[in-house]
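Novice:
Numbering (the working numbering), first residue to last: 44 to 213.
#1: Specify, as a first and last residue, the run of the alpha helix (DSSP H) that residue 137 falls within.
#2: May I ask you to report which of helix, strand or coil DSSP gives residue 47?
#3: Select from 78, 206, 57 the residue whose C-alpha is nearest the C-alpha of residue 141.
#4: To which residues does DSSP link residue 67 through a beta bridge?
#5: For a test of the three-state rule: what should DSSP assign to residue 168, helix, strand or coil?
#6: Thinking C-beta only, is residue 195 closer than 9 Å to residue 96?
#7: Quick check on the burial criterion: 16 or more other C-beta atoms within 10 angstroms. Buried or exposed for residue 87?
#8: Using the Cα positions of residue 167 and residue 56, report the straight-line distance between them to the nearest angstrom.
#9: With H, G and I counted as helix, E and B as strand and the rest as coil, what does DSSP make of residue 180?
#10: Starting from the C-beta of residue 60, find all residues in its chain whose C-beta is less than 7 Å away, skip the five residues before and the five after it, and write them out in chain order.
#11: Let's test the definition: count the other Cβ atoms within 10 Å of the Cβ of residue 117 and tell me whether it reaches 16, buried, or not, exposed.
#12: Answer yes or no: do residue 101 and residue 161 have a C-beta to C-beta separation smaller than 9 Å?
#13: On a Cα-Cα basis, can you pick out the residue from 92, 178, 91, 65 that is closest to residue 107?
#14: Within a Cβ cutoff of 8 Å, which residues of the same chain sit near residue 198, ignoring the five residues on either side of it in sequence?
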């Protein structure tokens with residue numbers, strides 16, 4: 044971390060969120076668009092669903108906690124990629140893989156900007172009661188987001204093995 048970033052009160056959370064997204068992007072590399080809805084072996088989720096889910100989760104964080112007036116992504120995306128949704132192999136049910144990957148990057152950038160904009164006082168703001176086990180304060184949300192991303196990163200690593208792809212990390 045640079046001295047400038049390290050001086051920010053939320054620097055560790057921002058670093059973790061960026062690191063986690065970098066790992067996710069490496070894991071997604073090499074998964075071709077024509078196979079993005081496949082679930083080889085015992086894979087629970089496919090690459091397109093995971094990418095869309097991460098984009099929607101970031102969008103949800105910004106609406107729920109970041110002060111956004113509403114979702115930036117279409118409501119349909121939250122239905123097909125949101126919490127509790129189930130992936131399908133029917134590609135016609137989804138936006139294109141390229142569109143989802145672009146949204147994943149854009150929403151991630153918005154989350155990073157939001158985390159970087161927080162003051163120390165804002166970071167100490169308690170989250171809603173139903174979120175306190177996951178992230179007791181707004182400042183803790185970045186750490187939770189990084190954990191959540193890593194959880195789905197494990198699924199992407201399993202997908203890569205199922206496709207016969209090499210490790211994304213050497």
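Heads up, the beta-carbon is just placed ideally off N, CA and C, and yes, glycines get one too.
Since the model is a prediction, treat every value here as computed from it, not as a measurement.
Specialist: Checking against the coordinates, here is how it stands:
#1: Here the question's residue 137 lines up with position 94 in the chain shown. For residue 137, no alpha helix (DSSP H) run applies, since DSSP gives it neither H nor E.
#2: Here residue 47 refers to the residue found at position 4 when the chain shown is read from its first residue. Note on residue 47: pLDDT 49, under 50, position unreliable in the model; the coordinate value appears next. Here residue 47 sits in helix by DSSP.
#3: By one-based count along the chain shown, residue 141 stands at place 98. Measuring C-alpha to C-alpha distances from residue 141 to each of 78, 206, 57 identifies 78 as the nearest.
#4: Counting from one through the chain shown, the residue named residue 67 turns up at place 24. Answer is none; residue 67 lacks a bridge partner.
#5: Translated into the one-based positions of the chain shown, residue 168 becomes position 125. Reduced to three states, the DSSP call for residue 168 is coil.
#6: Against the chain shown, residue 96 aligns to sequence position 53. Against the chain shown, residue 195 aligns to sequence position 152. At the C-beta level, residue 96 and residue 195 come within 9 Å of one another.
#7: Working through the chain shown from its first residue, we reach residue 87 at position 44. Note on residue 87: under 16 other CB atoms within 10 angstroms of its CB, so exposed under the neighbour-count rule.
#8: Translated into positions along the chain shown, residue 167 becomes position 124. Translated into positions along the chain shown, residue 56 becomes position 13. Roughly 13 Å separates the two Cα atoms.
#9: The count along the chain shown starts at 1 and reaches residue 180 at position 137. Residue state, collapsed to three classes: strand.
#10: Taking the chain shown and counting its residues from 1, the one referred to as residue 60 is at position 17. Contacts found: 154, 155, 158, 185, 188, 189.
#11: Within the chain shown, numbered from 1, the residue matching residue 117 stands at position 74. So residue 117 ends up on the exposed side.
#12: Taking the first residue of the chain shown as 1, we reach residue 101 at position 58. Taking the first residue of the chain shown as 1, we reach residue 161 at position 118. Between residue 101 and residue 161, the CB-CB gap reaches or exceeds 9 Å.
#13: As a position in the chain shown, residue 107 is number 64, starting the count at 1. Residue 178 is the option with its Cα nearest to residue 107.
#14: As a first step, residue 198 is located in the chain shown; it is residue number 155 there, counting from the start. Excluding sequence neighbours, residue 198 sits near 86, 87, 88, 93.
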